[in-house]
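Written out below as C-alpha coordinates is the structure these notes cover.
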Amino acid sequence: MERVLLAVAIVVVVSIVALVLRRRATDAPTQPNRSVPEQLDRGDFGSPDTPWLLVAFTSATCHTCSDMVAKALVLASPSVGVVEVEFGADRDLHRRYAIDAVPTLVLADRDGVVRRSFVGSVTATDLWAAVAEARGPDET
(Lines of atoms letter the chains of each structure in order from A and count residues from 1; the text may use other names and numbers.)
(Lines give C-alpha, C1' and ligand atoms only; values in the text may rest on other atoms or scores of the structure.)
Protein backbone atom coordinates (compact mmCIF):
# COMPACT_ATOMS: atom_id res chain seq x y z
CA MET A 1 0.00 0.00 0.00
CA GLU A 2 2.88 2.35 0.79
CA ARG A 3 4.33 1.80 -2.67
CA VAL A 4 1.04 2.69 -4.34
CA LEU A 5 0.75 5.90 -2.30
CA LEU A 6 4.39 6.75 -3.08
CA ALA A 7 3.79 6.15 -6.80
CA VAL A 8 0.64 8.32 -6.73
CA ALA A 9 2.53 11.08 -4.89
CA ILE A 10 5.34 10.98 -7.47
CA VAL A 11 2.85 11.18 -10.35
CA VAL A 12 1.12 14.16 -8.72
CA VAL A 13 4.43 15.99 -8.14
CA VAL A 14 5.63 15.33 -11.70
CA SER A 15 2.28 16.53 -13.08
CA ILE A 16 2.45 19.75 -11.07
CA VAL A 17 6.04 20.41 -12.18
CA ALA A 18 5.11 19.76 -15.80
CA LEU A 19 2.15 22.14 -15.55
CA VAL A 20 4.29 24.91 -14.04
CA LEU A 21 6.99 24.48 -16.68
CA ARG A 22 4.43 24.50 -19.50
CA ARG A 23 2.98 27.80 -18.25
CA ARG A 24 6.45 29.37 -18.05
CA ALA A 25 7.42 28.42 -21.60
CA THR A 26 7.01 31.22 -24.11
CA ASP A 27 5.71 30.53 -27.55
CA ALA A 28 7.94 31.25 -30.48
CA PRO A 29 6.79 34.19 -32.58
CA THR A 30 4.28 33.12 -35.19
CA GLN A 31 5.25 35.77 -37.75
CA PRO A 32 8.61 36.65 -39.24
CA ASN A 33 9.80 40.24 -39.07
CA ARG A 34 8.42 41.10 -42.50
CA SER A 35 11.40 43.32 -43.19
CA VAL A 36 10.96 45.97 -45.88
CA PRO A 37 13.87 48.13 -47.02
CA GLU A 38 13.64 51.89 -46.56
CA GLN A 39 16.20 52.68 -49.25
CA LEU A 40 17.20 50.98 -52.51
CA ASP A 41 20.34 51.45 -54.52
CA ARG A 42 18.74 52.13 -57.90
CA GLY A 43 21.89 50.79 -59.59
CA ASP A 44 21.03 47.30 -58.31
CA PHE A 45 17.98 47.13 -60.57
CA GLY A 46 17.06 47.65 -64.20
CA SER A 47 15.42 50.97 -65.12
CA PRO A 48 17.66 53.08 -62.87
CA ASP A 49 16.72 56.25 -64.77
CA THR A 50 12.93 56.09 -64.44
CA PRO A 51 11.46 58.51 -61.89
CA TRP A 52 9.81 55.59 -60.06
CA LEU A 53 10.89 51.99 -59.55
CA LEU A 54 8.54 49.20 -58.47
CA VAL A 55 10.49 46.12 -57.34
CA ALA A 56 8.74 42.80 -56.84
CA PHE A 57 10.75 40.43 -54.66
CA THR A 58 9.46 36.94 -55.46
CA SER A 59 10.23 33.24 -55.30
CA ALA A 60 9.53 30.45 -57.77
CA THR A 61 7.86 28.48 -54.98
CA CYS A 62 5.48 31.32 -54.10
CA HIS A 63 1.95 30.76 -55.36
CA THR A 64 0.84 34.42 -55.25
CA CYS A 65 4.05 35.96 -56.59
CA SER A 66 3.22 35.63 -60.28
CA ASP A 67 -0.13 37.33 -59.67
CA MET A 68 1.62 40.23 -57.91
CA VAL A 69 4.14 40.58 -60.74
CA ALA A 70 1.33 40.63 -63.32
CA LYS A 71 -0.40 43.43 -61.38
CA ALA A 72 2.87 45.35 -61.13
CA LEU A 73 3.74 44.97 -64.82
CA VAL A 74 0.57 46.83 -65.80
CA LEU A 75 2.16 49.91 -64.21
CA ALA A 76 5.33 49.74 -66.34
CA SER A 77 5.81 52.96 -68.30
CA PRO A 78 8.52 55.49 -69.12
CA SER A 79 7.88 56.91 -65.61
CA VAL A 80 7.65 53.62 -63.69
CA GLY A 81 10.18 50.85 -64.06
CA VAL A 82 9.03 47.43 -62.88
CA VAL A 83 11.59 44.80 -61.92
CA GLU A 84 11.09 41.28 -60.60
CA VAL A 85 13.80 39.91 -58.31
CA GLU A 86 13.25 36.16 -58.00
CA PHE A 87 14.96 34.57 -55.00
CA GLY A 88 16.46 31.62 -56.88
CA ALA A 89 17.92 33.87 -59.57
CA ASP A 90 19.17 36.65 -57.28
CA ARG A 91 19.56 35.57 -53.67
CA ASP A 92 22.11 38.30 -53.05
CA LEU A 93 19.58 41.09 -53.54
CA HIS A 94 17.06 39.36 -51.29
CA ARG A 95 19.75 39.10 -48.60
CA ARG A 96 21.09 42.61 -49.16
CA TYR A 97 17.66 44.12 -48.62
CA ALA A 98 16.73 41.63 -45.84
CA ILE A 99 13.64 40.36 -47.64
CA ASP A 100 12.16 37.64 -45.43
CA ALA A 101 8.75 37.19 -47.05
CA VAL A 102 7.49 37.05 -50.62
CA PRO A 103 5.91 38.62 -52.44
CA THR A 104 7.27 41.94 -51.26
CA LEU A 105 6.68 44.95 -53.49
CA VAL A 106 8.48 48.24 -52.91
CA LEU A 107 8.01 51.52 -54.73
CA ALA A 108 11.08 53.75 -54.70
CA ASP A 109 11.47 57.29 -55.96
CA ARG A 110 14.30 58.63 -58.15
CA ASP A 111 16.62 58.74 -55.11
CA GLY A 112 15.83 55.16 -54.09
CA VAL A 113 13.75 56.14 -51.07
CA VAL A 114 10.99 53.58 -50.58
CA ARG A 115 7.69 55.46 -50.60
CA ARG A 116 5.27 52.52 -50.43
CA SER A 117 5.59 48.81 -49.78
CA PHE A 118 3.42 45.72 -49.65
CA VAL A 119 4.17 42.34 -48.12
CA GLY A 120 1.94 39.52 -49.29
CA SER A 121 -1.00 39.67 -51.60
CA VAL A 122 -2.38 43.06 -52.63
CA THR A 123 -5.31 43.92 -54.87
CA ALA A 124 -4.58 45.59 -58.19
CA THR A 125 -6.72 48.54 -57.13
CA ASP A 126 -4.74 49.07 -53.92
CA LEU A 127 -1.39 48.71 -55.70
CA TRP A 128 -2.29 51.05 -58.53
CA ALA A 129 -3.80 53.60 -56.13
CA ALA A 130 -0.67 53.52 -53.96
CA VAL A 131 1.56 54.18 -56.98
CA ALA A 132 -0.72 56.99 -58.18
CA GLU A 133 -0.76 58.55 -54.70
CA ALA A 134 3.00 58.35 -54.32
CA ARG A 135 3.57 59.86 -57.77
CA GLY A 136 1.24 62.74 -57.00
CA PRO A 137 -1.32 64.60 -59.10
CA ASP A 138 1.24 66.28 -61.36
CA GLU A 139 2.41 63.02 -62.94
CA THR A 140 0.39 60.96 -65.38
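Here the numbering used here runs 20 ahead of the position in the sequence shown, where the first position is 1.
For glycine and all other residues, C-beta sits at the position ideal for the given N, C-alpha and C.
* For R42: DSSP bridge partner residues -> Answer is none; R42 lacks a bridge partner.
* **Which listed residue (A150, A92, A128 and E106) has its alpha carbon closest to that of P57** => Nearest option by C-alpha distance: A128.
* Asked: Whole alpha helix (DSSP H) runs in the stretch 75-131 with 4 or more residues, listed along the chain?
  -> The qualifying runs are 85-93 and 111-116.
* To do: Using beta-carbon positions only, say whether G132 and Q59 come within less than 9 Å of one another.
  => yes
* **Per DSSP, cross-strand counterpart(s) of G72** => Residue identity check: residue 72 is Trp in the sequence provided, not Gly. Answer by DSSP bridge pairing, in chain order: V100.
* Asked: Which one or two residues does DSSP pair with R62 in a beta bridge?
  -> Per DSSP, none; premise fails for R62.
* To do: Hey, could you find the ends of the alpha helix (DSSP H) V151 is sitting in?
  => Looking at the DSSP string, the run of the alpha helix (DSSP H) that includes V151 is A144 to R155.
* To do: State the Cα-Cα distance for the pair A121 and I36, rounded to the nearest angstrom.
  => 40 Å
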